[in-house]
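Residue numbers (the working numbering): 646 to 813. Data first, discussion second: the structure below is written as structure tokens.
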């Protein structure tokens, strides 16, 4: 009896949610092409983090942009300061530079953002390796936030767009 009531409740809930226009937060593989902004693959660990963060930030789209293709070139520089006698670093600084280009039917938005994060590893052996990886991810996430902010600021400004070479 309890199983029948539970099944009936779940069926009624599913019908009620679909009737009000509910759509799941997580998309399926077939929904990927339906997004308003397609983001090209970015190589490397930091590139993966950058792309993943941009997918979350740009999922709702940009004001005034129906569709577009975003490509990003990301470079990072990792500096270890004051190498200690045990081989550990006393400070890790990661600087990232992302050059972005959003191609839309209205034209091209492009720019460069710079991110920088710094941290001190703990006293345990190999802490500096974990901190280096974490700082790399944080720099990529900061770059993603800066790119999303720049795109949101310039998306509705017609003067920010430039036309592709060879178009009239």
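The beta-carbon is built from N, C-alpha and C at its ideal position, and this holds for glycine as well.
Checklist entry - Taking the alpha-carbon positions, what's the residue 737 to residue 695 distance? => result 20 Å
Next on the checklist: So, at 6 Å on beta carbons, what are the nonlocal neighbours of residue 720 in its own chain, with the 5 sequence-adjacent residues on each side left out?
Outcome noted: 742
Next on the checklist: Rounding to the nearest angstrom, what Cα-Cα distance links residue 708 and residue 753 in this structure?
Outcome noted: 15 Å
Checklist entry - Where does residue 771 fall in DSSP's three states? => result coil
Item to check | Beta-carbon proximity check, residue 758 vs residue 791, cutoff 8 Å | outcome: For residue 758 and residue 791, yes; Cβs fall inside 8 Å.
Checklist entry - Of all the alpha helix (DSSP H) runs that stay within the bounds of the segment 689-736, which reach a length of 4 or more residues? => result Entirely contained in the segment 689-736, the alpha helix (DSSP H) runs reaching 4 residues are, in chain order, 689-703.
Checklist entry - Anyone know if the C-beta pair for residue 761 and residue 744 falls short of 8 Å? => result Here residue 761 is not near residue 744, since their CB atoms are 8 Å or more apart.
Item to check | Rounded separation between residue 711 and residue 796 - CA only | outcome: 13 Å
Checklist entry - From residue 749 to residue 687, what distance separates their C-alpha atoms? => result Approximately 19 Å between the Cα atoms of the pair.
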